[in-house]
Amino acid sequence: MTDKSVWDREIPVPKHLIEYVDRGVREKLPLGTEVHGISGSGSSYWARTAKIDATDAAGNSTPFFMKVLQYEQGRDMVSAEYHAMSLLHSVKPDMVVEPVAWGTYTEEPDTHFFLCRFHRFLTEKSSEKTPKEKETNKVPDVMEFPELVADLHKRGTSKRGEFGFPITMYGGRNPQTFPVCNSWEECFSRGLDKIFDMEAKVQGADEEMHQLREGLMTKVIPRILRPLETGGRTLTPTLVHGDLWDGNVAVDEATGRPVIFDATPLYAHNEYELAPWWPTRHRMSREYIKEYTRHFSPSQPEEDFEDRVKLYSM
């Protein structure tokens with residue numbers, strides 16, 4: 060859930076950047092594409108987002124969705140998103156939004172963009188009383204979506220048998236790094252450690268937080284995660300979306316099928332994906348976890364399953 064303090068902030072990207080289609084964008088569109096216009100579409104607290112109306116070489120409507128950010132971090136963010144979505148789409152093309160390209164504006168070279176196929180989503184009235192969220196995407200059906208996610212996990216296994224991800228991803232504007240490791244416990248611990256480091260850098264040193272961090276790293280994580288890879292047990296590194304809360308999932312209006320986007324993927328323990336479904340504030344909650352386990356059984360030791368999901372949901 061987005062922090063309420065950002066609701067009324069101005070998006071840190073000038074609006075005029077989505078009032079025209081830059082030549083750098085046009086050059087990345089599929090050959091034969093004819094652009095007819097651009098308009099704001101979707102919502103973001105960090106980027107400008109737009110729909111590009113276009114037709115393909117045969118004259119068929121083929122709109123695109125564009126996300127625009129600026130400066131060096133913006134370039135890193137759109138590049139990471141393109142590579143992440145390309146990997147996920149290669150594994151589960153029937154569920155993942157198809158990425159098209161990323162690049163840099165010609166007229167304003169400090170401006171960078173991510174392009175993907177445009178989908179119109181089914182919506183419903185939002186429970187959030189905010190200007191940007193009067194309507195929200197409809198979430199997929201609990202009897203359908205968890206099975207599709209389980210299928211993604213079964214298909215997307217690491218060929219090298221390694222956990223983590225080789226490039227830095229971004230959760231919002233915050234970098235997220237899970238180093239490539241042979242052990243899931245090590246990968247998760249090091250990734251979480253970096254998040255604690257960022258928190259301390261922004262908020263300053265805090266003795267209570269230091270003690271909680273120490274206990275988590277030296278006691279909680281080893282107790283809950285180490286049994287997954289000891290006592291003769293092994294884990295298969297699985298490609299996960301990484302942030303599968305209801306804000307990054309929708310239902311396509313034309314097909315009625317679930318669609319996922321805005322990924323922060325890594326090769327992980329598959330149960331890591333279930334973390335956003337644990338908090339009751341989310342519209343996709345624990346009933347989705349229960350349905351998922353019908354298609355992908357909990358890892359052993361099964362008695363630690365609930366504690367693992369709680370840990371991942373921190």
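Going by my numbering, the sequence shown opens with residue 60, and the numbers climb by one from there.
C-beta: ideal position from N, C-alpha, C; glycine also.
Counting only runs of at least 4 residues, the stretch 232–271 fully encloses the following alpha helix (DSSP H) elements, listed from N- to C-terminal order: 243–262. Classified as exposed, PRO152 has fewer than 16 neighbouring CB atoms from the shown chains inside 10 Å of its CB. HIS328 sits away from ARG285, with the two beta carbons spaced by 9 Å or more. Counting along the chain, no beta strand (DSSP E) covers TYR351; the unbroken alpha helix (DSSP H) around it starts and ends at 345–351. If you draw a 10 Å sphere on the C-beta of LYS218, you find fewer than 16 other C-beta atoms in it, and that means exposed. Contact between GLU350 and VAL201 is confirmed by a C-beta separation of about 5 Å, below the 8 Å threshold. Under the DSSP assignment, PRO158 falls in the beta strand (DSSP E) whose first and last residues are 158–163. Between the alpha carbons of MET125 and ARG85 lies a gap of roughly 12 Å.
Under the three-state reduction of DSSP, SER98 is assigned to strand. Its Cα nearest to that of VAL155, the residue LEU207 stands out among SER372, GLU203 and LEU207.
Residue state for VAL368 is assigned as helix, using DSSP reduced to three classes.
When secondary structure is reduced to three states using DSSP, GLU194 falls in the strand class. Here the alpha carbon of GLU131 sits roughly 19 Å from the alpha carbon of ASP81. Per the C-alpha coordinates, the member of GLY231, ALA259 and PHE224 positioned closest to SER242 is PHE224.
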